[in-house]
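In order, the protein sequences belong to chains Z and U.
Residue numbers are given in this note's numbering: position 282 of the first sequence equals residue 505, and the series is strictly consecutive.
Residue numbers are given in this note's numbering: position 3 of the second sequence equals residue 1475, and the series is strictly consecutive.
Below: one structure, written as structure tokens.
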Amino acid sequence: MEGKKVSATVGSSEKKEGATESGSEQLSQTAAAAATTTTGTTATASAAGVAKTIEVRDVNLFYGDFHAVEDVNLTIQPNKVTALIGSSGCGKTTFLRSLNRMHELTPGARVEGHITLDGEDMYARGVDPVRVRRLVGMVFQQPNPFPTMSIYDNVASGLNLNAGKIKKSQRDAVVERSLRGANLWEEVKDRLDKPGLGLSGGQQQRLCIARAIAVEPEVLLMDEPCSALDPVATLAIEDLIGELKSRYTIVIVTHNMQQAARASDLTAFFNLEESGKPGRLVEVGETEMIFTNPTEKATEDYVSGRFG
Amino acid sequence: MATLSAPPGGQLASGLLPKWAPYAVFAGSAAFSAAVLAATGAFTIALMLVFGVLVSCVAIYTWSRAVEGPRRAFDRTMTMAIAAAFGLAMIPLASLLFEVISRGLPGLSLEFLTEDARGKIGGGGAAHALVGTLVITGVAAIISVPIGIMAAIYLTEYGTGKLSKALTFFVDVMTGIPSIVAGLFAYALFELFLGPGIRLGVMGSVALSVLMIPIVIRSAEEVLKIVPNHLREAAYALGTPKWKTITKIVLPTAFAGLVTGVMLAVARIIGETAPLLVTTGVIDSINSDPFDGRMQNLAVYAYSEYRSPGIDKAASYDRAWAAALLLIAIVMILNVVARLVYRRYKTEIHR
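Spelled out as structure tokens, the structure:
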């Protein structure tokens, strides 16, 4: 088969369709190998590969007086991809941002209820949101590499900003491992010192994923990571999500049903009964069940496109 | 005019005036106005231009309406009016530059730039004023830039409540302080501690920083505001503390704009005269220590050379013009440097 030949030269195989699968397999193996070799030496790597469970109990989210999301109860399982779907304005993104305490950055926003990360309440008194965010990383809708930094510095930014002094060799290893983990290494290894903004949209988004996984989070939140990307770049990100779930707990917000169906293991459907009312979690379950045999009428209407 | 074709039959195309039409209309209108004014015996160049603009607005409207239709006719009339307004605004600038350069160049010499005026009756240079201007402004910038940028950081990154509203309000008030009041404030402040009649370079710097701080705050605030929020969020999501997000992400992203704002603020205060007259005094020799005695500067130098000329009045006036030219040149250089810095370091921000 052609695939075998090409997999020997992984670098150039990325774009060839026939070779994509074996190529990326190879990549993930090398990435895993890189991860294991550096685990012992990297200061921040102690938590590598420990995906965590997030328990959400009776969570209500507010913007000032506006009740945005009501009474969410949900268990987000480790090493699974959980997709949040629902119409615009129903609070998916707001809910996602409450999972790493980004919600409260909006002036007037507040959270009621309990969200625990492996049993530890992340909203307990005395919990520093900065520590929560180190464990729960996030990828945004718009690719947002730091415009002043090169590709290398973007990936290393989490370490440079937070980890204090580390040896250059260690940093090099983390950058390479993260870029390999984001399936971007072969495309950028020769121009690591070029600005991150010089990459294409899809590459920028993978750069942002590399930046997020460079700090070894335990959970990765993704807020419509593909909505600004073309179908080819979207496919690359979806493949990547499939690989990343072996090491992280992943929560992804998406408007794209096919994406939820393709990329996720569990799906949670949020709905807004009418505008002005808070959004609610209608139903959560195995993705296949949600898309083929949902228990709620609203879910069926939404996933089958008969909504509104 | 009669030779102009009727609008073609298509739905999209219509007639179009030739490219030279606006210029020709203006030239024709000016000539027409000149002729009418000459006939009535009231000819001046200014009147000719004023009437020329008015007549050409009417003429281009009529012509364009006949050929191109009402929308384009209105567009052409407005273009003509705006071009005239631009020309009007350029007249003072051009005439000022012409006057200062033509009168200042003769007095500008190596001696003017390198020698002071100590003991040189009716002669000497302005080196002491040049040094004074640079020192006083430099110290003012050292005082103002940290205060201004930190205040702007507070306003954009931290302030949400009443304090930030009050701060914004008082910054606006400060922008409107007359410069002489700033000078008197600095004088009163130092007199309180050092006794009456005190004159120091640093007093001038304090007076100038009262004027400079609000400008720096305003420009820095604008620049920090346009740093997109998603960059801050990206840093937060990596577990970055707020102060590091500001120092490592927000400030570097806004660097070019911050430098430009500071340069322009310096350019704005470097020519102040009144506050320095009451704080730094007048002196003939070079003094580069802002904490020791009187200090001359270019604006006050130009003023005093004109106000109390030496025996050779013409030479004194020449020196005043030369000092003015030097000051304008410094401001120009600062502006150009600000632009270069901006171009070199500006951050492309995708939204």
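Ideal Cβ positions, reconstructed from N, Cα and C, are used throughout, including at glycine.
In this text the structure is predicted, and so the values were computed from the model without any measurement.
Residue i and residue j look like a contact to me (Cβ under 8 Å); what is the Cβ gap, rounded to whole Å?
i	j	result
Phe369/Z	Ile1619/U	Contact doesn't hold; Cβ gap of about 28 Å is too wide.
Glu1540/U	Gly1487/U	6 Å
Lys1697/U	Thr1628/U	6 Å
Pro1700/U	Val1643/U	Contact doesn't hold; Cβ gap of about 24 Å is too wide.
Val1813/U	Thr1732/U	6 Å
Arg394/Z	Ala379/Z	5 Å
Pro517/Z	Gln428/Z	Rounded, the Cβ-Cβ distance is 30 Å, inconsistent with contact.
Val1688/U	Val1803/U	Incorrect: roughly 17 Å between the Cβ atoms, too far for contact.
Val1695/U	Ala1726/U	5 Å
Arg356/Z	Gly1711/U	4 Å
Thr477/Z	Glu509/Z	No, Thr477/Z and Glu509/Z are not in contact; Cβ-Cβ is about 17 Å, not under 8 Å.
Tyr1599/U	Ile1758/U	In the sequence on display, residue 1599/U carries Ala and not Tyr. Their Cβ separation, rounded to whole angstroms, is 6 Å, which keeps Ala1599/U and Ile1758/U in contact under 8 Å.
Lys1818/U	Ala1692/U	So it is not a contact: roughly 15 Å between Cβ atoms.
Gln426/Z	Glu410/Z	6 Å
Thr490/Z	Ala274/Z	That belief does not hold up - the Cβ atoms of Thr490/Z and Ala274/Z are roughly 18 Å apart, past 8 Å.
Gly1524/U	Phe1498/U	7 Å
What residues in its chain sit with their C-beta under 6 Å from that of residue i, if we drop five residues either side in the sequence?
i	result
Ala1589/U	Gly1596, Asp1756
Ser1776/U	Val1754
Pro352/Z	Arg324
Gly360/Z	Ala435, Pro440, Leu443
Ser450/Z	Gln364
Met445/Z	Val362, Ile475
Arg1811/U	none
Ser1459/U	Residue numbering for chain U in the displayed model covers 1473 to 1823; residue 1459/U lies beyond these limits and cannot be assessed.
Ala1658/U	Met1675, Val1678, Ala1679, Thr1751
Gln481/Z	none
Phe514/Z	Ala484, Val526
Met1684/U	Ala1612, Ser1616, Ala1737, Ile1741
Gly1743/U	Ala1771, Leu1799
Residues of chain U with a CB under 8 Å from the CB of residue i: which are they?
i	result
Val438/Z	Leu1710, Gly1711
Phe363/Z	His1702, Glu1705, Ala1706, Ala1709
Gly381/Z	Leu1710, Gly1711, Thr1712
Val378/Z	Neighbours of Val378/Z on chain U: none; closest Cβ ~11 Å, over 8 Å.
Asn323/Z	Ala1709
Which residues in the same chain have their Cβ closer than 8 Å to the Cβ of residue i, if we skip the five residues on either side of it in sequence?
i	result
Thr1752/U	Gly1604, Ile1608, Arg1671, Leu1672, Gly1673, Met1675, Gly1676, Arg1766, Met1767, Gln1768, Asn1769, Val1772
Arg1823/U	Residue confidence is low: Arg1823/U scores 45 on pLDDT, short of 50, so the model does not pin down where it sits. No coordinate-derived value is stated.
Lys228/Z	Here the model assigns Lys228/Z a pLDDT of 40, short of 50, so the residue's position is not dependable, and the following value carries that caveat. Once the five neighbours on either side are set aside, Lys228/Z has no close Cβ partner at all.
Phe1515/U	Ala1506, Leu1509
Thr1586/U	Gly1597, Ala1599
Phe1640/U	This sequence places Thr at residue 1640/U; Phe is not what is there. Cβ within range, chain order: Leu1627.
Starting from the beta carbon of residue i, find every residue of chain Z whose beta carbon is closer than 8 Å, and list them in chain order.
i	result
Pro1668/U	The contacting residues do not exist; Pro1668/U stays about 51 Å from chain Z at best.
So which residues of chain U does residue i contact, with C-beta pairs closer than 7 Å?
i	result
Thr371/Z	Pro1724, Thr1725, Thr1819
Pro501/Z	Within chain U, no residue comes near Pro501/Z; the closest Cβ sits about 23 Å away, beyond 7 Å.
Met512/Z	None at all; the shortest Cβ gap to chain U is about 31 Å.
Met445/Z	Neighbours of Met445/Z on chain U: none; closest Cβ ~11 Å, over 7 Å.
Arg414/Z	Going along chain U, no residue has its Cβ under 7 Å from Arg414/Z, so there is no contact; the nearest lies around 17 Å.
Determine the chain U residues that contact residue i at a beta-carbon separation under 9 Å, and present them in chain order.
i	result
Val618/Z	With chain Z covering only 224 through 531, there is no way to say anything about residue 618/Z.
Val304/Z	Per Cβ cutoff of 9 Å: no residues; Val304/Z is ~19 Å from chain U at best.
Gly360/Z	Ala1709, Leu1710, Gly1711
Leu340/Z	By Cβ distance, chain U contributes nothing, its closest Cβ being about 13 Å from Leu340/Z, past 9 Å.
Phe353/Z	The sequence shown places Val at residue 353/Z, rather than the Phe named in the question. Chain U residues near Val353/Z: Tyr1708, Gly1711, Thr1712, Pro1713, Lys1714.
Arg356/Z	Tyr1708, Ala1709, Leu1710, Gly1711, Thr1712
Leu384/Z	Ala1707, Leu1710, Gly1711, Thr1712, Pro1713, Lys1716, Thr1717, Lys1720, Ile1721
Which same chain residues end up closer than 7 Å to residue i when comparing Cβ atoms and leaving out the 5 residues on each side of it in sequence?
i	result
Asp294/Z	Asp281, Asn283, Arg503
Ala1443/U	Because chain U here runs from 1473 to 1823, residue 1443/U falls outside it and cannot be looked at.
Tyr286/Z	Thr329, Gly331, Ala332
Ile1800/U	Val1572
Ala521/Z	Asn494, Val505
List, in order along the chain, the chain Z residues whose C-beta lies closer than 9 Å to that of residue i?
i	result
Lys1697/U	What Lys1697/U touches in chain Z: nothing, since even the nearest Cβ is about 15 Å away.
Lys1637/U	Result: empty, since nearest Cβ-Cβ is about 14 Å, beyond 9 Å.
Note down, in chain order, every chain Z residue with its Cβ under 7 Å from the Cβ of residue i.
i	result
Thr1632/U	Pro330
Ile1721/U	Phe369
Output the residue ranges of the alpha helix (DSSP H) runs that lie fully inside the region 360 to 391 of chain Z and measure 4 residues or longer, sorted by chain position. 374 to 385
Inspect the CB distances between the region 399 to 419 of chain Z and the region 372 to 381 of chain Z and report whether three or more fall short of 8 Å. yes
Measuring CB atoms only, is the region 320 to 329 of chain Z touching the region 494 to 506 of chain Z, in the sense that at least three cross pairs come out at less than 8 Å? no
Would you check if there are 3 or more beta carbon pairs closer than 8 Å linking the region 1492 to 1503 of chain U to the region 1540 to 1552 of chain U? yes
Any alpha helix (DSSP H) of 4 or more consecutive residues that is wholly inside the region 306 to 336 of chain Z: 315 to 321
Just checking, does the region 1498 to 1514 of chain U make contact with the region 343 to 351 of chain Z on the three C-beta pairs under 8 Å criterion? no
Ignoring anything shorter than 3 residues or poking outside the region 1509 to 1583 of chain U, list the beta strand (DSSP E) runs there in chain order. none
At which residue ranges does the region 471 to 518 of chain Z contain complete alpha helix (DSSP H) runs of 4 or more residues, listed in the order of the chain? Runs found: 480 to 486, 510 to 515.
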